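Inspection log for the structure reproduced underneath, given as structure tokens.
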Amino acid sequence: MRAPTRPPLDGLKKRLDRSRAEKTRLPRDGFVRETFVLPRPAARDKAREWFDRWPKQAYWTEIESWAERPGDVIEFTMRRLPAAD
Numbered sequence: 002m003r004a005p006t007r008p009p010l011d012g013l014k015k016r017l018d019r020s021r022a023e024k025t026r027l028p029r030d031g032f033v034r035e036t037f038v039l040p041r042p043a044a045r046d047k048a049r050e051w052f053d054r055w056p057k058q059a060y061w062t063e064i065e066s067w068a069e070r071p072g073d074v075i076e077f078t079m080r081r082l083p084a085a086d
């Protein structure tokens with residue numbers, strides 16, 4: 002009597018690897034983050050839009066980091082809580 006053959010696990014392995022890779026990229030502090038690279042006036046408008054849409058008092062919205070790039074371009078990361086309490 003022969004032992005049954007094992008089913009191929011390639012698809013499962015790929016899904017597990019993809020899932021593990023996605024989890025390592027997500028911060029575990031509960032904040033939603035988005036990074037922008039915009040000219041200075043557009044960067045100001047985008048930050049204002051975030052603060053208007055998700056008020057700092059309710060969502061803890063803030064500019065987490067920013068840097069000036071050549072050509073008067075600003076790279077910045079906004080963060081907020083996913084929901085207000």
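Under my numbering, the first residue of the sequence shown is numbered 2, with each subsequent residue one higher. Yeah, the Cβ is synthetic: ideal placement off N, Cα and C, and Gly gets one too. Predicted model only: the values in this text are computed from it and were never measured.
#1: Would you please state the rounded distance, in angstroms, between the beta carbons of M79 and A43? I believe it to be under 8 angstroms.
#2: Label R41 either buried or exposed according to how many other C-beta atoms from any shown protein chain fall within 10 Å of its C-beta, with 16 as the threshold for buried.
#3: With a cut-off of 8 angstroms on the beta carbons, I'd call W38 and R81 a contact; round off their distance for me.
#4: Helix, strand or coil, according to DSSP, for F32 in the structure here?
#5: Output the boundary residues of the beta strand (DSSP E) element that contains R81.
Once the coordinates are examined:
#1: 13 angstroms between Cβ atoms; not a contact.
#2: exposed
#3: One detail in the question is off: residue 38 reads as Val in this sequence, not Trp. At roughly 19 angstroms, the Cβ-Cβ gap does not stay under 8 angstroms, so V38 and R81 are not in contact.
#4: coil
#5: 74-81
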